[in-house]
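In the working numbering, the protein residues as written are 672 to 1789.
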């Protein structure tokens, strides 16, 4: 989130001041002012400069554009340390890019926060003209919260709640509601005082504490709750207007029942008048927030006067009466006088009054049934508000919940509609859901944080003060209502037994009109506050651009007012007005606000427990346990109030969360969830260090060695595709690449290569981490990657490396030596190695193979890797339709029938479905083709060795020296001298080129033979092979006289025979998986090894060579 400051900094050479904008995370430039005095800074008029502050850490970065170093607003000669005494000359280079401490402190200490919805000032006069009102604690937080909390519920529903729930449960409803908001306000105060809170209020606090996903989800819900709250306040105002103040103005009243809130005509009246009032309030909000504040003073004054009148009226005698049946059922206003409130006319039992006729059948007015009913019941006029001290508190202490249409619990009316009946079913949870919106105005001040002078100071004090004030008012009102008013009147929601009058208005002193007018204006004012805060909240969400389709609502008018957001708010508020039932809108608001409060508490608890260094609230009266209790209370209240509304609200929040996550909210706000992830990762890594994973928990933690081309782009991206397909088994994926060169020189290139690698990983759907290493030697770099990748117990156990294509066409040994170094290093690490050959023919992630098989050629036991890999690949959609075949090789001494039977049993216990075939490999004579392949291989190797020698070295060819001085082993096999000489002349890989300049050649003497031997690599002696040497020609020129060694012929024979069988059996397979033979110990046999692998895999399209890590990776046990 960008933070905008206006920094006023005096100019040394001019009287003018320069306005500097500092924007976190974004480069912003503003025009420098004209300097009529012509000072040093004025010479730069017409140019632009930029300066950045990182909103996450507060660090300056970036550079000035258009200004020279001398004219830069933060970096002048004095600040750069170029002083006469040179005290800071050591840091003068740093001052070219970073400010001095004095400059930084002066800048930050003299800023004033601009609300983000105001237009950027270009001059001092324009700035003063467009500046929004800068409000303090009283006007900016306390009074708006007070006005929102003391709204419609207090005047038209609190008495009804007390009558149904009783004094005890009503007090408990208010207690848990106020306790929840108080704990939330404490958490909110801690978050609000932990840094600058610009426009957005609660959304800003939650999003910066829990991340953009949670922030966006909760912000939208809170916006909807605030918007529907405006609907609730407007509906309450219309109910007061049409039922209690001016019933005759009702437009729809065809059936004469327009004064009852449940009638269809009344609902239509509320829709019409509600829409009109909504448009009027929206126009007032559109004009500007300062006019809203002026109106708010009037509305708040009415609220305070009304509450004072209620308190006075409780202690003043009241002569209001109503007609009561049997002392506990109130009758309608048709029977208001003493003469009307009787069963008989003037005491004559033979003549029934109008009231008596309602309880008797017209055909049986003097019958036994009617007489029996009238004798059992009685009616009389009773004081509706006897006042305190009449024992009413004890009577109203317990609840009296009724179902819709009942006069008493489980009792239907008997008088044909003369009794006052319950309009809806009541219970503790329903009343709690209806009442809770009356305490949800606690964030009215924080929603307008952008208009506050000091949000950190005002939000905690104003919010907590408003909560404590309103909590006292609500609790005392419950006690006064229960002790001064009869329960029958309290349960009469619309005042039908007292001539349709508002009960709270009749309690107040001196006149009911004080309350009627005051309650009407207070509910209008509360709706106005909601319509003011909701668009600004939506504008803050839209400006963050975490929900792309809302970005249009981030725009404002020329004065900064959120015009487009206001239009959407009005449209949504109209939906609530169309519902037209206040009791139906209130539970919706309850869910939205409780969701927001829950995440505020979660954010505070999370930040406190994580103890992040940036968590330093100025508000000290908080604790993570209080926040945790507040969070639990919010969740409990949601499900207590309405479990299906709670689930719907959570589902909506979940959908918004996943949408933001799907669209990729590229925001880094240092949120607490990231800190929680780090803590969880640290804990998990420490747990992994306790011991190696069990075989049942083994997963391929893959390290992909990816080669970059000359453009620093991954050369074989299908390696990443294959890794992604294999990772259907989950686990860790690391993608590493080595760039040859010097780190300091290649660092920029490595950053560009890292971005390309990350891009390809995203395209190939590889979920993991990437790393690039710059090393002077590629083999050493890869060795470092194999050794050091991973962290703690979360290290790779499987390495995927590409095949060295084109090694035959190259005379450079490095073309295949790097590959062999990988094989050796991975084997030394006891990791598994996967080498896909012909990787360009492998399927991509968007391909789906139709049919075919994955053929496993199980020649050597490798811990079960060959069994596990096909299973993991088939979890991916690309390989899902492939079957699995397992081939194993039986030699002459093996029982192939028993092997097949045992293999079936083994696969059954492994729970792997596969076709099984045992292939017999009988002994046979070596073919001429095999001998010829071996001969060609050794001739090529000898030729490459000769090409490798320089001209000066060819004068004393090493092999010629051996031929000259060698004594056959059969005669002197026990003489150590000859053995030593043999060691000395075995040369390691030379670094000189075979094409050295003749001018640099020197003639070596035979006496320098010892020096030649010292040039050899130290490990050349350690690599002496105890096996028979390859046959060599009598002279270095006799390539045609080479005789292949028996060992090489046998190995070539094995490779040829296996290749023939594999091609015959698996030529139609989608993938062939086979064992990778172990690498040779001697460097002189490396080319032979590569040739064996080429022969082994000839004629196969997709081949995966696997070498196990030396441990079991699959088990038959559960």
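All C-beta atoms, glycine included, are put in the ideal place defined by N, C-alpha and C.
Given the structure is predicted, the values throughout are model-derived calculations rather than measurements.
Presumed contact (8 Å Cβ cut-off) between residue i and residue j, rounded CB distance
i: residue 1516; j: residue 1396; result: 7 Å
i: residue 1160; j: residue 1254; result: 19 Å between Cβ atoms; not a contact.
i: residue 1778; j: residue 1504; result: 4 Å
i: residue 1379; j: residue 1386; result: 6 Å
i: residue 1383; j: residue 1424; result: 4 Å
i: residue 1241; j: residue 1247; result: Not quite, the Cβ-Cβ distance comes to about 11 Å (not below 8 Å), so this is no contact.
i: residue 1012; j: residue 1031; result: That pair is no contact at about 16 Å.
i: residue 941; j: residue 906; result: 6 Å
i: residue 1186; j: residue 1056; result: Contact doesn't hold; Cβ gap of about 13 Å is too wide.
i: residue 866; j: residue 1123; result: Incorrect: roughly 14 Å between the Cβ atoms, too far for contact.
i: residue 1154; j: residue 1063; result: 6 Å
For residue i, the first and last residue of its enclosing beta strand (DSSP E)
i: residue 1524; result: 1524-1529
i: residue 1468; result: It is not in any beta strand (DSSP E) - residue 1468 carries neither H nor E in the DSSP assignment.
i: residue 1093; result: From DSSP, residue 1093 is part of no beta strand (DSSP E); its letter is neither H nor E.
i: residue 987; result: Run containing residue 987: none; DSSP gives neither H nor E here.
i: residue 813; result: Looking at the DSSP string, residue 813 is not in any beta strand (DSSP E), and its letter there is neither H nor E.
i: residue 1746; result: 1742-1746
i: residue 1410; result: 1404-1411
i: residue 1385; result: Segment: none, residue 1385 is in no beta strand (DSSP E) and carries neither H nor E.
DSSP three-state assignment for residue i, whether helix, strand or coil
i: residue 620; result: Outside the displayed range of the chain (672 to 1789) lies residue 620, so it cannot be described from this structure.
i: residue 1440; result: strand
i: residue 1122; result: helix
i: residue 1513; result: coil
i: residue 994; result: strand
i: residue 1774; result: strand
i: residue 1052; result: strand
i: residue 1079; result: strand
i: residue 1548; result: coil
i: residue 1784; result: coil
i: residue 1228; result: coil
i: residue 915; result: helix
Residue of the options minimising C-alpha distance to residue i
i: residue 1758; options: 1716, 1612 and 1779; result: 1612
i: residue 1223; options: 1213, 916 and 1266; result: 1213
i: residue 888; options: 1767, 1348, 1271 and 1496; result: 1271
i: residue 1582; options: 1559, 1561 and 1555; result: 1555
i: residue 1269; options: 1334, 1241 and 1301; result: 1301
i: residue 1144; options: 822, 1353, 1100 and 1521; result: 822
i: residue 1749; options: 1539, 1742, 1727 and 1781; result: 1781
i: residue 910; options: 878, 1014 and 943; result: 943
i: residue 1492; options: 1305, 1475, 1183 and 1775; result: 1475
i: residue 1157; options: 1053, 1117 and 1107; result: 1053
i: residue 1573; options: 1563, 1562, 1252 and 1588; result: 1588
i: residue 1429; options: 1406, 1449, 1312 and 1414; result: 1406
i: residue 1760; options: 1783, 1113, 1770 and 1720; result: 1720
i: residue 919; options: 1411, 937, 1598 and 908; result: 937
Distance cut-off 7 Å: residue i Cβ against heavy atoms of the ligand NAP
i: residue 1521; result: This structure lacks the ligand NAP; in fact it carries no ligand of any kind.
For residue i, the first and last residue of its enclosing alpha helix (DSSP H)
i: residue 1759; result: 1757-1767
i: residue 1326; result: 1314-1334
i: residue 1543; result: 1536-1544
i: residue 1374; result: Taken as a continuous stretch (DSSP letters only), residue 1374 belongs to no alpha helix (DSSP H), being part of the beta strand (DSSP E) at 1373-1376.
i: residue 1725; result: 1717-1737
i: residue 1159; result: 1158-1161
i: residue 1558; result: That residue, residue 1558, is in no alpha helix (DSSP H); its beta strand (DSSP E) goes 1554-1561.
Original post:
When the Cβ atoms of the segment 847-866 are set against those of the segment 1128-1137, are three or more pairs found closer than 8 Å?
Top reply: yes
Original post:
Per the contact definition of three or more C-beta pairs closer than 8 Å, is the segment 1225-1243 in contact with the segment 912-921?
Top reply: no
Original post:
If we count Cβ pairs, one from each stretch, closer than 8 Å, do we get three or more for the segment 1730-1750 versus the segment 1466-1478?
Top reply: no
Original post:
Would you say the segment 841-860 touches the segment 1290-1299, given that touching needs at least three Cβ pairs under 8 Å?
Top reply: yes
Subject >> contact_flag[the segment 807-823, the segment 1075-1086] where n(CB pairs < 8 Å) is 3 or more >> reply: no
**OP:** Would you be able to state if there are at least three C-beta pairs under 8 Å between the segment 962-976 and the segment 1191-1210?
**Re:** yes
Original post:
Contact between the segment 1064-1072 and the segment 828-837: three or more CB pairs below 8 Å?
Top reply: yes
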